[in-house]
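Protein chains in written order, with our numbering: chain B, 377 to 858; chain V, 377 to 858.
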């Protein structure tokens with residue numbers, strides 16, 4: 377993404393509004409926009425944020441080429457003065473974000489943009505596109521990896537991804553969410569993440585018979601020899617032929633390691649148990665059994681419960697598209713506008729008949745609150761930017777909707793962390809994105825801050841996201857004004 | 377996509393297999409691979425193919441850069457001789473495809489690659505990725521457009537698309553499927569398709585009040601003035617303020633055209649009917665009412681049935697992700713290998729316990745068969761490459777599974793068209809991709825070849841895809857061999 381000019385990757389209305397701000401308002405008026413989401417995908421109790429590195433690339437590259445200007449002119453919607461202004465357009469604002477691989481929860485700002493109104497408006501669509509996509513896949517991957525109970529999960533979805541980027545950045549996000557490797561070579565090259573893969577049915581079919589195909593493969597890749605055993609008949613042909621080849625390798629004095637079979641069709645529980653017995657009886661107890669074929673977290677969980685003898689899972693379509701919930705519902709809403717006369721941000725609120733859709737006004741920050749003893753999350757607390765939580769004081773949390781539900785935290789019983797970090801200051805990036813494998817390790821730590829009850833696949837225990845008293849008051853005041 | 381090197385956009389196993397073919401087989405052995413799919417998405421009776429122009433770009437650009445070679449070397453999987461060979465790798469084969477915007481049906485080759493085995497293997501993943509994605513969205517869009525019964529549908533999904541490409545090529549595919557325009561400016565620039573958009577809630581919220589926001593917008597865009605009326609209260613505030621502004625425009629002597637309101641929340645049936653009455657009573661009978669808010673083909677169909685007064689539909693998440701079916705199940709299977717000794721293609725078949733997954737062997741072509749009188753499709757007939765259907769002869773079609781079900785077509789009662797066209801010959805592209813709006817027009821003609829019963833949203837009438845007697849015999853012979 378770093379080489380592509382994605383400046384026009386925006387909805388037309390961002391540009392028509394920009395021209396409006398340019399002509400009808402003080403174009404330097406500073407606004408605060410929050411990117412947040414309203415509910416976790418897949419009825420999960422948490423989400424994993426991802427995509428910030430690509431947002432940084434996008435912002436750093438933001439500029440209107442001559443051909444962009446010419447194109448905008450050709451639409452007939454834009455005046456010369458505005459197009460002239462766009463020629464020297466650059467992003468000069470501040471951006472705060474929750475680091476990639478972090479747990480994120482509904483209603484809290486994942487990205488906060490503080491910038492001149494028209495700049496903040498332009499970047500809305502691309503920020504949403506990038507963060508929505510990668511957070512969706514990272515969250516799905518975390519669920520799939522959780523269902524595999526410590527086994528490795530491989531991302532195999534490129535051919536079913538929604539276009540090249542969905543494959544490339546989807547693989548990145550899947551690795552952040554916990555996948556051990558991807559089949560996607562370009563993603564491996566771009567992000568320095570492990571790549572994995574063996575052969576397809578076409579390899580087997582291109583040889584006169586299965587045995588010679590297996591032999592040829594084993595000769596070439598003796599140290600990573602996974603044989604696909606289901607082209608003709610898994611138990612009658614595939615597994616016996618694989619054992620023949622493994623035996624030949626052994627007989628030739630080779631030390632077998634990192635070898636095994638892959639099942640890609642049929643009843644994976646039954647076939648894996650049978651194959652395990654046949655392999656063990658032949659003395660190949662350390663041959664692994666991997667499986668693929670339209671897997672998702674529910675199928676893996678069920679296979680685990682059935683005692684399937686599979687310890688390596690290749691997951692494609694369901695993970696790369698987040699099939700049961702293919703969109704992350706991130707939105708980007710105006711939260712405040714700076715008033716020069718008042719020298720302060722004036723909070724803004726979006727009203728809706730649907731209470732769930734009413735926004736949180738003001739320039740905000742987020743404290744994550746942990747149990748001091750076990751470092752599990754108690755809640756997230758959204759505050760106004762000037763508020764400070766002092767861990768030496770008592771902290772009262774209350775449910776923002778059912779306000780009588782209160783929790784009192786005593787000094788010394790909790791720790792806190794501010795989770796929005798500065799990424800851009802006055803248009804300059806001041807944040808170093810970690811390597812993807814480091815983000816993965818961080819994500820694993822993050823998942824450790826959840827109780828198991830919040831990680832289960834169905835009806836997980838929800839994490840509270842509360843508002844400070846000051847923010848809650850501001851919200852109620854604004855609501856009652858309308 | 378034309379400027380990007382997507383050569384490594386492939387699964388690792390394509391490359392490990394390539395090295396295998398390179399070392400263990402005659403690397404110039406020619407293979408036939410078919411890209412086809414097993415069932416239509418969304419329980420539809422048809423699919424629309426799209427993405428060929430991007431496949432052409434991909435094939436034309438196929439080459440391994442020095443940095444690609446260096447990366448592959450770093451994996452430790454590839455030998456020097458093979459890496460050296462990759463340096464001068466190019467595609468030298470033939471590709472046939474069904475043109476974009478065409479109706480396509482399960483089991484028939486949408487793309488056919490005839491090339492040296494290793495070349496045909498490399499391109500598998502990218503071809504699947506591109507065709508699967510765009511065909512998925514074009515098909516979904518055709519359903520959505522059908523549900524709108526002649527009203528215009530606008531593609532608004534960029535922010536929820538699965539990454540930049542999903543937004544860009546998804547918009548392209550949605551327009552092929554019948555959308556009148558997209559909000560995605562980059563897609564507009566790249567493909568010369570209409571762009572559309574007005575303003576967001578943030579525009580309204582950035583002004584002291586709704587009325588001044590409307591006035592400012594109308595002043596700037598008098599000829600495309602769509603006012604978003606649901607920021608505060610649709611019927612009490614939004615619509616009356618819009619009418620105030622329309623009246624002021626009229627009073628100033630302006631001839632109002634292409635103007636109206638947009639509803640983005642609440643009960644769209646109720647609100648649109650009420651708003652229509654209020655607008656009509658104020659003398660703005662020609663003001664249009666557009667709507668958005670998580671629409672899909674079922675919601676639009678229901679709103680139409682309820683008599684909603686909406687004639688312009690903005691569709692986002694559900695269309696750009698094909699939410700109820702986010703993957704098109706295209707696969708790519710070996711169908712034949714050329715045998716120099718026999719001077720002929722030897723058919724190959726993939727066996728499966730699941731009969732649905734058994735492939736059609738051989739080098740094939742497809743005839744589409746139409747009723748002569750009304751040009752509606754009777755069936756598709758998959759034949760071997762050397763077969764010819766002569767419309768002056770009787771044609772007997774039979775169901776390939778329930779072979780006693782036969783249809784006899786008399787000479788003069790039907791017409792035929794071969795639907796796979798040559799795209800590459802010996803590595804050279806010989807096909808000119810039409811402009812996207814021309815593909816859209818072609819797609820509309822294609823949809824006219826379906827009976828209405830095959831276009832309905834639920835339980836549509838299926839189209840038959842039959843096999844010629846010769847192909848059917850070949851398939852049964854190969855199956856009984858195993």
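Just so you know, even glycine gets a beta-carbon here, dropped at the ideal spot from N, CA and C.
Identification of chain B residues near residue 509(V) by a Cβ-Cβ cut-off of 8 Å yields 537, 538, 539, 542, ordered along the chain. Within its own chain, the residues whose Cβ lies closer than 6 Å to the Cβ of residue 504(B), once the five positions on either side in sequence are excluded, are 706, 708, listed in chain order.
Neighbours of residue 616(B) in chain V, taken as residues whose beta carbon is under 8 Å from its own, are absent, since the nearest beta carbon is some 16 Å off. Along the region 669-730 of chain V, the alpha helix (DSSP H) occurs as fully enclosed runs of 4 or more residues at 673-681, 693-696, listed in sequence order. Secondary structure note for residue 801(B): it is in no alpha helix (DSSP H), and the uninterrupted beta strand (DSSP E) holding it is 797-801. Contact annotation: residue 491(V) and residue 469(V) have beta-carbon atoms nearer than 7 Å.
Look at the region 514-533 of chain B: the residues with a C-beta under 9 Å from a C-beta of chain V are 532, 533.
Inter-segment contact for the region 728-744 of chain B and the region 843-856 of chain B is present: three or more beta-carbon pairs are separated by less than 8 Å.
The Cβ atoms of residue 556(V) and residue 528(V) lie closer than 7 Å to each other. Taking the Cβ atoms as the reference, residue 711(V) lies roughly 6 Å from residue 409(V), within the contact range of under 8 Å. Between residue 485(B) and residue 440(B), the C-beta gap is not smaller than 7 Å, which leaves the two residues out of contact.
With its beta carbon at least 7 Å from every one in chain V, residue 689(B) lies outside the interface. In the structure shown, the three-state DSSP call for residue 474(V) is coil. Pairing residue 752(B) with residue 790(B) gives a Cβ-Cβ distance that is not under 7 Å.
When DSSP reads this structure, residue 785(B) sits in a beta bridge with 771(B).
When the Cα atoms are used, residue 535(B) and residue 699(B) turn out to be separated by approximately 14 Å. DSSP places residue 503(B) within a helical segment (H, G or I) once states are collapsed to three. Against chain V, the beta carbon of residue 699(B) has neighbours under 7 Å at 702, 703, listed in chain order. Neighbours of residue 497(V) in chain B, taken as residues whose beta carbon is under 7 Å from its own, are 578 in chain order. Taking each of 750(B), 755(B), 682(B) in turn and checking the Cα distance to residue 481(B), the smallest one comes out for 755(B).
Judged by DSSP in its simplified three-state form, residue 733(V) adopts helix. Scanning its chain for C-beta atoms nearer than 8 Å, with the 5 sequence neighbours on each side dropped, one finds around residue 604(B) the residues 574, 575, 576, 577, 579, 580, 614, 637, 638, 640, in chain order.
Under the three-pair Cβ rule at 8 Å, the region 778-794 of chain B does not count as touching the region 541-557 of chain B.
Taking 7 Å as the threshold, the shortest C-beta distance from residue 802(B) to chain V does not fall below it. Runs of the beta strand (DSSP E) lying entirely within the region 424-482 of chain V and spanning at least 3 residues, in chain order: 470-473. DSSP places residue 406(B) within a strand segment (E or B) once states are collapsed to three. Nearest CB-CB separation between residue 727(B) and chain V: below the 7 Å threshold. Among the residues facing chain V, residue 487(B) is not included, as its CB has no counterpart in that chain under 7 Å away. DSSP places residue 753(V) in the uninterrupted beta strand (DSSP E) bounded by 753-760. Comparing alpha-carbon positions, the option among 652(B), 396(B), 509(B) lying closest to residue 459(B) turns out to be 396(B).
Per DSSP, the unbroken beta strand (DSSP E) holding residue 490(B) starts and ends at 487-492.
Under the Cβ criterion of 7 Å, residue 695(V) is not counted among the residues facing chain B.
Residue range 540-552 is occupied by the alpha helix (DSSP H) that includes residue 548(B).
The alpha-carbon separation between residue 780(V) and residue 843(V) amounts to approximately 14 Å. The straight-line gap separating the alpha-carbon atoms of residue 694(V) and residue 569(B) is approximately 32 Å. Nearest Cα to residue 383(B) within the set 420(B), 775(B), 449(B), 465(B): 465(B).
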